Amino acid sequence: MEDEAHSQPSQQFRHENWNLFVLALQSVVLRVGWIFKTESVIMPYVVDAISGSGWMRGWLPILSRIGQSVPPLIYAERLRSHSIKKYPLFLTAVGMAIPFLVLSVLWWRLEDRQVAWMGPLFLVIYFLFFSATGVNQLAFGTIQGKLVRPNRRGALLGIGGILGSIFAVVAALTWLQDWISMPNYDGFTWVFLFNGVAFLAAGLVSLCCSEHAEESSGLSRYKMVEPFANAWNVFRTDQSFRRAGIVAMLFISSLLVFPHYQWLGMNVIGTSSNDLIIWVIAQNISVGIYSPLLGAVADRFGNRLAIRIGLFAVSFTPLIAILFARGFFPDAEKWYWMTFVLLGLTPVLMRTILNYTLELVGPDRHPQYLSTMRICFAIPFVFSPFVGALMDWIPYEIPFIGVGLLVLTGALMTFRMSEPRFSDDS
1304 MEDEAHSQPS
1314 QQFRHENWNL
1324 FVLALQSVVL
1334 RVGWIFKTES
1344 VIMPYVVDAI
1354 SGSGWMRGWL
1364 PILSRIGQSV
1374 PPLIYAERLR
1384 SHSIKKYPLF
1394 LTAVGMAIPF
1404 LVLSVLWWRL
1414 EDRQVAWMGP
1424 LFLVIYFLFF
1434 SATGVNQLAF
1444 GTIQGKLVRP
1454 NRRGALLGIG
1464 GILGSIFAVV
1474 AALTWLQDWI
1484 SMPNYDGFTW
1494 VFLFNGVAFL
1504 AAGLVSLCCS
1514 EHAEESSGLS
1524 RYKMVEPFAN
1534 AWNVFRTDQS
1544 FRRAGIVAML
1554 FISSLLVFPH
1564 YQWLGMNVIG
1574 TSSNDLIIWV
1584 IAQNISVGIY
1594 SPLLGAVADR
1604 FGNRLAIRIG
1614 LFAVSFTPLI
1624 AILFARGFFP
1634 DAEKWYWMTF
1644 VLLGLTPVLM
1654 RTILNYTLEL
1664 VGPDRHPQYL
1674 STMRICFAIP
1684 FVFSPFVGAL
1694 MDWIPYEIPF
1704 IGVGLLVLTG
1714 ALMTFRMSEP
1724 RFSDDS
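1304 is the number of the first residue of the sequence shown in the working numbering; add one for each residue after it.
Take a look at the structure:
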């Protein structure tokens, strides 16, 4: 294992405090926009307004994962060749903003949002957004690996999580409730507009990073298939990465039922649209709580332990949702929001797994390893439309329990992962 903290020159971290502040602020602004498009609540609600079918909800996870994995893998070599990484971070944030700005105008112009072409068009726009998001997250992870030391990345995660949750919840309470309560779903014009403006603002913040130019090795010519071959080579030859990748695949299967938690609450438990804002706030506050807690564990004991703790908790989320739906808890419609508290662990764990990946190699290989890990995140989502269809065909308990068991298996497999930060595990 390479100890990147010691192998890199100290001048690399000369402006570390400033860059940590800027990257945390960028995360906060991004989170404020993200709360208006949560994948577990808001986007499935939009799909239900357009179509209402389980198969269409089932496409949301696979489109988001493919977008966040394949484009970054293809772009990783080009990102590595950039001597200044903040410019791709800015441009991809602009790429995140444009789809929602277009969707805002489109929603405003349409009176009937259930026209036949609206569903497919929405899915295309959704995919384009997550394609830009995937490359943006790759750029963020790469610039973080360049400018922030390993034992301070948990602090960055925590600061961004706490402040991001506070400001996101304030924004949601101020605007989101009123917008999603407007008749004929008209308020989504403003929701989408807010998304676009927030992502654009996050991109502008990233330009404030104090980043030294690296000596560029240039962009080598390669065939389209080469990034996939390189990703397979990383997975095949690096045992530490392979074990982490398998854990990541088992963990990310939890997102296969993400769009259906909203459906479960609204259609099985009997909650109302007024509860959507409560779920969004509960999920985002929990991110703010988990981020510093897991970040502190990661900084002190290593990312492996933080991943293990989080996975055991996530594995129980589907079961708890089922217990609410089956009436094992009184007043389930009033307390179902607690399910979304546990769902808040998911984005924190994804960041923690990517931070773990950064420590497996030196900065020059960060884009390749991060993009390969995102492919691992994406692989389970080939089953997402199938899971969405199952929600229409078989008892919902079966997909939920199956996903919980997969995550539990991943939690147990963390005991075979290495901890690259400590020499006795290297």
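We treat Cβ as the ideally placed atom computed from N, Cα and C, and that holds for glycine. As the structure is a computational prediction, the values presented were derived from the model and not from experiment.
Coarse secondary structure for Cys1679, derived from DSSP in three states: On the sequence shown, position 376 is the one that residue 1679 refers to. Looking at Cys1679 - three-state DSSP - the assignment turns out to be helix.
Short Cβ contact (9 Å threshold) for Val1451 with Ala1681: Position 148 of the sequence shown holds residue 1451. Position 378 of the sequence shown holds residue 1681. If you check the CB distance, Val1451 and Ala1681 do not come in under 9 Å.
Neighbour-count burial assignment, Lys1389, 16 or more Cβ in a 10 Å radius: The residue you call residue 1389 lines up with position 86 of the sequence shown. Result: buried.
Exposed unless 16 or more other CB atoms sit within 10 angstroms - verdict on Ser1341: On the sequence shown, position 38 is the one that residue 1341 refers to. Reading off the sequence shown, one finds Thr at residue 1341, where the question assumed Ser. Burial call: buried.
Which listed residue (Thr1620, Leu1476 and Trp1566) has its alpha carbon closest to that of Val1583: As a working note, residue 1583 is residue 280 in the sequence shown. Taking only the C-alpha atoms, the option nearest Val1583 is Leu1476.
Cβ-Cβ distance between Leu1596 and Val1500 below 9 Å: Taking the first residue of the sequence shown as 1, we reach residue 1596 at position 293. Taking the first residue of the sequence shown as 1, we reach residue 1500 at position 197. No Cβ-Cβ contact shorter than 9 Å links Leu1596 with Val1500.
Straight-line gap, Pro1650 to Ile1465 (C-alpha atoms, nearest Å): For the purposes of this step, residue 1650 is taken as residue 347 along the sequence shown, with counting starting at 1. For the purposes of this step, residue 1465 is taken as residue 162 along the sequence shown, with counting starting at 1. Their Cα atoms are separated by approximately 13 Å.
Simplified DSSP assignment, three categories, for Met1421: Your numbering for residue 1421 matches position 118 in the sequence shown. The answer is helix: DSSP assigns Met1421 an H, G or I state.
9 Å Cβ cutoff met for Val1331 and Phe1531: Here residue 1331 is taken as the residue at index 28 of the sequence shown, counted from 1. Here residue 1531 is taken as the residue at index 228 of the sequence shown, counted from 1. No, they are not a contact pair.
Inter-residue Cα distance where the pair is Ala1616 and Met1641: Walking along the sequence shown from the start, residue 1616 turns up at place 313. Walking along the sequence shown from the start, residue 1641 turns up at place 338. Using only the alpha carbons, I get a separation of about 13 Å.
Gln1311 to Gly1591 span [Cα, whole Å]: Numbered from 1 along the sequence shown, position 8 holds the residue referred to as residue 1311. Numbered from 1 along the sequence shown, position 288 holds the residue referred to as residue 1591. Confidence at Gln1311 is low in this model, with a pLDDT of 45, below 50, so its placement is unreliable and no value can be given for it.
CB contact flag (Phe1554, Arg1545, <9 Å): By one-based count along the sequence shown, residue 1554 stands at place 251. By one-based count along the sequence shown, residue 1545 stands at place 242. No, these two residues do not count as a Cβ contact at 9 Å.
Touching by the beta-carbon criterion (3+ pairs, under 8 Å), the stretch 1477 to 1492 and the stretch 1400 to 1414: yes
DSSP-derived helix/strand/coil call for Tyr1672: Locating residue 1672 in the sequence shown gives position 369, counting from the first residue. In the structure shown, Tyr1672 sits in a helix (DSSP, three-state: H, G or I).
Limits of the unbroken alpha helix (DSSP H) element including Gln1371: Translated into the one-based positions of the sequence shown, residue 1371 becomes position 68. Premise fails: Gln1371 is in no alpha helix (DSSP H) and is neither H nor E.
Inter-residue spacing [alpha-carbon to alpha-carbon] between Phe1738 and Arg1360: The chain is shown from 1304 up to 1729; residue 1738 falls before or after that span and cannot be answered.
Three or more C-beta pairs below 8 Å linking the stretch 1595 to 1609 and the stretch 1649 to 1664: With three or more CB-CB distances shorter than 8 Å, the stretch 1595 to 1609 counts as touching the stretch 1649 to 1664.
Exposure label - Asn1320; buried when at least 16 CB within 10 Å: Within the sequence shown, residue 1320 is the residue found at index 17, counting from 1. The residue is exposed, with fewer than 16 neighbouring Cβ atoms inside 10 Å.
Minimum C-alpha distance to Arg1719 - residue among Tyr1593, Leu1376 and Arg1607: Within the sequence shown, residue 1719 is the residue found at index 416, counting from 1. Of the candidates Tyr1593, Leu1376 and Arg1607, Arg1607 places its Cα closest to the Cα of Arg1719.
Same chain, Cβ closer than 7 Å to Arg1724, neighbours up to 5 away in sequence not counted: Position 421 of the sequence shown, counting from 1, holds the residue named residue 1724. So the list reads Pro1453, Gly1605 and Glu1662, once near-sequence residues are dropped.
Limits of the alpha helix (DSSP H) - the one that Tyr1348 falls within: Translated into positions along the sequence shown, residue 1348 becomes position 45. Looking at the DSSP string, the run of the alpha helix (DSSP H) that includes Tyr1348 is Ile1345 to Ile1353.
Among Phe1631, Val1418, Asp1634 and Leu1328, nearest to Ser1509 - alpha-carbon criterion: Walking along the sequence shown from the start, residue 1509 turns up at place 206. That would be Leu1328, whose Cα lies nearest to the Cα of Ser1509.
Supposed close pair Ala1458, Leu1382 - CB separation, criterion 8 Å: If you number the sequence shown from 1, residue 1458 lands on position 155. If you number the sequence shown from 1, residue 1382 lands on position 79. Ala1458 to Leu1382, Cβ: 25 Å. No contact.
N-terminal and C-terminal residue of the alpha helix (DSSP H) that Thr1492 is part of: Position 189 of the sequence shown, counted from the first residue, corresponds to residue 1492. For Thr1492, the uninterrupted alpha helix (DSSP H) segment begins and ends at Phe1491 to Ser1509.
Contacts around Ala1516, its chain only, beta-carbon distance under 8 Å, and the 5 residues preceding and following it disregarded: Start at 1 with the first residue of the sequence shown, and residue 1516 comes out as number 213. Excluding residues within five positions, the ones whose Cβ falls inside 8 Å are Ser1386 and Ile1387.
Three-state secondary structure (DSSP) of Ile1584: For the purposes of this step, residue 1584 is identified with residue 281 of the sequence shown, where counting begins at 1. Of the three classes helix, strand and coil, the one that applies to Ile1584 here is helix, per DSSP.
Residues of its chain near Pro1688, where Cβ-Cβ distance is below 8 Å and the 5 sequence neighbours each way are ignored: Working through the sequence shown from its first residue, we reach residue 1688 at position 385. If we look at Pro1688 and ignore the five residues flanking it on each side, its Cβ neighbours are Trp1358, Gly1361, Trp1362 and Ile1365.
Outcome for Gly1613 when other beta-carbon atoms lying within 10 angstroms are tallied against a minimum of 16: In the sequence shown, residue 1613 corresponds to position 310, counting from 1. Label assigned to Gly1613: buried.
Status (buried if at least 16 other CB within 10 Å, exposed otherwise) for Asp1728: On the sequence shown, position 425 is the one that residue 1728 refers to. Its pLDDT being 43, under 50, Asp1728 is placed unreliably by the model, and the measurement read from it follows with that caveat. It is exposed - the Cβ of Asp1728 has fewer than 16 other Cβ atoms within 10 Å.
Neighbour-count burial assignment, Lys1449, 16 or more Cβ in a 10 Å radius: Position 146 of the sequence shown, counting from 1, holds the residue named residue 1449. Classification for Lys1449: buried.
Own chain, CB closer than 6 Å to Ala1505, minus 5 neighbours either side, in chain order: As a first step, residue 1505 must be located in the sequence shown, where it is residue number 202. Around Ala1505: Gln1329, Val1332, Leu1333 and Ala1396.
Pair within 9 Å by beta-carbon distance, Thr1675 and Ala1585: The count along the sequence shown starts at 1 and reaches residue 1675 at position 372. The count along the sequence shown starts at 1 and reaches residue 1585 at position 282. In terms of Cβ geometry, Thr1675 and Ala1585 do not form a close pair [threshold 9 Å].
Own chain partners of Val1438 with C-beta closer than 6 Å, once the 5 adjacent residues on each side are dropped: The count along the sequence shown starts at 1 and reaches residue 1438 at position 135. The answer, listed in chain order, is Pro1374, Pro1375, Tyr1378 and Thr1395.
Completely contained beta strand (DSSP E) runs for the stretch 1600 to 1685, where each covers 3 or more residues: none
Nearest-angstrom Cβ-Cβ length linking Tyr1699 and Leu1559, presumed shorter than 8 Å: The count along the sequence shown starts at 1 and reaches residue 1699 at position 396. The count along the sequence shown starts at 1 and reaches residue 1559 at position 256. Contact doesn't hold; Cβ gap of about 12 Å is too wide.
Same chain, Cβ closer than 6 Å to Ala1635, five either side skipped, listed in chain order: Here residue 1635 is taken as the residue at index 332 of the sequence shown, counted from 1. Same-chain partners within the cutoff: Ile1572 and Phe1627.
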